[in-house]
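Once you know that position 37 of the first sequence is 36 in numbering that gives the first Met the number 0, the rest is easy, because the numbers rise by one and skip nothing.
For every residue, glycine included, the Cβ atom is placed at its ideal position computed from N, Cα and C.
Values in this document were obtained by computation on a predicted structure and should not be read as measured data.
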Amino acid sequence: MRMSRLFGRTLRQAPADAETASHRLLLRAGCIDQLMAGAYSYMPLGRRARLKAENVVREEMDAAGGQEVLLPAIQPVELWQQSGREEAFGPVLFHLNDQRGRGLVLGPTHEEVITRLFADHSSSYRDLPVTLYQIQTKFRDEGRPRGGLVRVREFTMKDAYSFDVDEDGLTDSYDAMFQAYRRIFARCGVPTVPVEADSGAIGGKGSQEFIFLSEAGEDTVALCSDCGYAANTEKAAFVRPPAAPEDPLPVEEVSTPGTTTIEQLATLLEVPTSRTAKAVFYMAGGGSDPEEPIFAVVRGDLEINEVKLSNELDGRAVRAMTDAEVEHFGLVAGSASPVGLGDRMTVVADLSVPDSPNLLAGANKADFHLRNVNLGRDWQASLVADIALAEDGHRCAACGTGVIRLHRGIEMGHVFRLGQIYSEAFSADVLGADGQPVVPTMGCYGIGVDRIVAAAVEANHDEDGISWPVSVAPYDVQLVALRLDRDPPVAEEAEALYAELENAGLEVLFDDRDESPGVKFNDADLIGLPWRLTVSARNQAQGAVELRTRATGEVEHVPRGEVASRLQALRAAAIEALDPDA
RNA sequence: CGGGGAGUGGCGCAGCCUGGCAGCGCACUUGACUGGGGGUCAAGAGGUCGCCGGUUCAAAUCCGGCCUCCCCGACCA
0 MRMSRLFGRT LRQAPADAET ASHRLLLRAG CIDQLMAGAY SYMPLGRRAR
50 LKAENVVREE MDAAGGQEVL LPAIQPVELW QQSGREEAFG PVLFHLNDQR
100 GRGLVLGPTH EEVITRLFAD HSSSYRDLPV TLYQIQTKFR DEGRPRGGLV
150 RVREFTMKDA YSFDVDEDGL TDSYDAMFQA YRRIFARCGV PTVPVEADSG
200 AIGGKGSQEF IFLSEAGEDT VALCSDCGYA ANTEKAAFVR PPAAPEDPLP
250 VEEVSTPGTT TIEQLATLLE VPTSRTAKAV FYMAGGGSDP EEPIFAVVRG
300 DLEINEVKLS NELDGRAVRA MTDAEVEHFG LVAGSASPVG LGDRMTVVAD
350 LSVPDSPNLL AGANKADFHL RNVNLGRDWQ ASLVADIALA EDGHRCAACG
400 TGVIRLHRGI EMGHVFRLGQ IYSEAFSADV LGADGQPVVP TMGCYGIGVD
450 RIVAAAVEAN HDEDGISWPV SVAPYDVQLV ALRLDRDPPV AEEAEALYAE
500 LENAGLEVLF DDRDESPGVK FNDADLIGLP WRLTVSARNQ AQGAVELRTR
550 ATGEVEHVPR GEVASRLQAL RAAAIEALDP DA
């Protein structure tokens, strides 16, 4: 490609809206353009990078035995009612009507469609196992798109779905996908760590996320310093800091005027927050059932983890009570107490509570609290469970010795053991070897392709610009000819080299513009192709071409006749360096 | 949805407080010089000042409403 003809211009200054490195650099390099919140156009350079990422995904899916399909983005809403997920997705689901008034949705993911497709075309256990995948556009009306390509409303996703006759089969399919994911992200130059994850609205039993650690991310993961335990904080287990054992003391009312927060309470009465009980009120519901009030209790030094809480409540969605509801249920915010609540509502206590004697709790009347409150003696919990949020510095529950550190990260991929949720909902059973119907066990495996592009930049850039991994670089090499409009021999050589490199199978971006050397070099650094070749009178005098490696800044002078072979060798080595199994 | 910030040529910004010709840098066009790390000079093109309404002789500027975008949080397969 000749740069003089390339659509899209580089920007010296990034738009003020862009904050993360990948967003800024992709805009500056002319790779993407924002149309509205959460919707980006890919310009030629960006589109090539994404296509490269897509092809890496495709190669690994195929190598892992996947078969590619293409599925409709518009889908009948009935399909989503049948699985119960119209409700689960809620406002995130894009709805529309066709001209006959039929309700349609824009697919945010494709479990429903794929399961129906599978059911229509499979009838025997002999058809299994099978893993189908698609790489295509999905739509989610995200409340808050952010971070450039990190969270958008229209995005490209690879989704794979496996169908097996039993759990062992699923394990094999799942492991194959897990290994493929490891290879995909490594090959794309995006370091990831697999973490245990919550399965969320997609359902299922057990899932892992591939997280790229980055401050630009929106997920928080807990990593153990010692044992390798890694989990999303939505899920992360941890050892609660132990409380000193004490015999239960008599309950004692204490005046605490104007005190409504744990911090105020701890300060006023000069006790550590770990000697207090924190009460938080929720409404649990969703679906057609009426919402139910939930009284959650956690030790004052910890926070409620709403995802864990929701899971303990059979996956029902939880939301904070409104002030009106708090009043309606006779609770006193700031001095709420599980004592005296009886069985008026479901009380869920965190594991930290039974092990911590003589806690300071609310008195359920303003300006008063109770000392020496003990679970079991003074109040009862409907459920005692892990509903607390792991925090930096907590001890690891897996090894008992390591310390948990929290990191931000971008969720690059998510692999789920789905089970039979969808195969049952869509009657996707096949006939087993014994002549009896078998309900296939499913797995599903997603990758955000746009996120690969963003993360590849996030992980591979410097102050001058992008430094693309060869696997996703829009082109292999930027051929820079200096003063070619004034220097016919240079122009001639550059043209010849351009043709020669392309013939050798290299992808070349030829900077044939009449620009000053400074402009060309800076643009080359910004666009960030793995290698830069400079043809100039100076190099010509030596019979050589200057070859610079973007990532390292290393420069070598290659004899004119050896340029193509040298680049091919470097390219092969770079590809191999990214292969985790090479 | 809660909190905060911002909308003025393609990008970055000033002007607004105190109403009176819409400006600057970069980018763009033409020409000349120059040119191995965003060069110089000259001449140009390009803007319903987010939208609607109000106040006023006069609104980018003051007042009201709305829209959009960004950030933090909530939500998020």
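- Message: Less than 8 Å between the C-beta atoms of Leu127 and Phe162, yes or no?
- Response: For Leu127 and Phe162, yes; Cβs fall inside 8 Å.
- According to the Cβ coordinates, are Val279 and Ala295 closer than 8 Å? yes
- What did DSSP end up calling Leu308 once you bin it into helix, strand or coil? The answer is helix: DSSP assigns Leu308 an H, G or I state.
- Verify whether the separation of the beta carbon atoms of Lys234 and Ala196 is less than 8 Å. yes
- Would you say Leu508 and Leu528 are within 8 Å of each other, going by their C-beta atoms? yes
- Query: In chain order, what residues of the same chain have a beta carbon less than 6 Å from the beta carbon of Asp349, not counting five sequence neighbours either side?
  - Reply: Here the set comprises Val297, Ile386, Ala387.
- Message: Given this structure, state the Cα-to-Cα distance separating Tyr180 from Gly102, to the nearest angstrom.
- Response: 36 Å
- Item | Separation of Leu212 from Gly37, as counted between CA atoms | 22 Å
- Can you list, in chain order, the residues of its chain whose CB lies under 7 Å from that of Asp486, leaving out five sequence neighbours each side? Ala536
- Query: Between Pro289, Ile446, Asp511, Tyr228, which lies nearest to Met2 when the distance is taken from Cα to Cα?
  - Reply: Among Pro289, Ile446, Asp511, Tyr228, the Cα nearest to that of Met2 belongs to Asp511.
- Taking the C-alpha atoms as reference points, what is the distance between Glu492 and Ala498? 10 Å
- Query: Alpha carbon to alpha carbon, how far is Asp578 from Arg186?
  - Reply: 5 Å
- Counting along the chain, where does the alpha helix (DSSP H) carrying Phe184 start and finish? From DSSP, the alpha helix (DSSP H) with Phe184 extends over 166-186.
- Counting only the same chain and skipping the five closest in sequence on each side, list residues whose C-beta sits under 6 Å from that of Arg394. Excluding positions up to five away in sequence, the list reads Val238.
- Message: According to DSSP, is Ser224 part of a helix, a strand, or is it coil?
- Response: coil
- Those runs of the beta strand (DSSP E) which lie wholly inside the region 31-105 and span at least 3 residues: 31-35, 38-41, 73-75, 93-96, 102-105
- Task: Within the same chain, show all residues whose beta-carbon is closer than 7 Å to that of Ser122, passing over the 5 residues directly before and after it, in chain order.
- Result: Answer for Ser122: Val429, Leu430, listed in chain order.
- Task: Taking Ser336 and Ala360 to be in contact with their CB atoms under 8 Å, please state how far apart those CB atoms are, rounded to whole angstroms.
- Result: 5 Å
- Query: Should the region 141-153 be called in touch with the region 68-86, which here means at least 3 C-beta pairs below 8 Å?
  - Reply: Segments in contact, no.
- Item | Contacts around Val189, its chain only, beta-carbon distance under 6 Å, and the 5 residues preceding and following it disregarded | Phe211, Ala454, Ala455, Ala458
- Item | As assigned by DSSP and simplified to three states, the class of Phe6 | coil
- Message: Please return the same chain residues whose Cβ sits closer than 8 Å to the Cβ of Gln135, not counting the five positions on each side in sequence.
- Response: Leu69, Leu70, Ala72, Thr155, Met156
- Query: Quick one: any contact between the region 468-478 and the region 40-53, if contact means 3 or more CB pairs under 8 Å?
  - Reply: The region 468-478, when compared against the region 40-53, does touch it at the 8 Å Cβ threshold.
- Item | Rounded Cβ spacing between Phe177 and Val414 (contact assumed at less than 8 Å) | 6 Å
- Where does Asp158 land, buried or exposed, given buried means 16+ other C-beta within 10 angstroms? By the Cβ-count criterion, Asp158 is buried, with 16 or more other Cβ atoms from all chains shown falling within 10 Å of its own Cβ.
- Item | Own chain residues within Cβ distance below 8 Å of Pro107, not counting five before or after | Excluding positions up to five away in sequence, the list reads Phe88, Val91, Leu92, Phe93, Lys137, Phe138, Arg139.
- Would you call the region 368-381 and the region 297-311 touching, i.e. three or more CB-CB distances under 8 Å? By the criterion of at least three beta-carbon pairs nearer than 8 Å, the region 368-381 is not in contact with the region 297-311.
- When DSSP builds the beta bridges, which residues end up paired with Leu382? Val347
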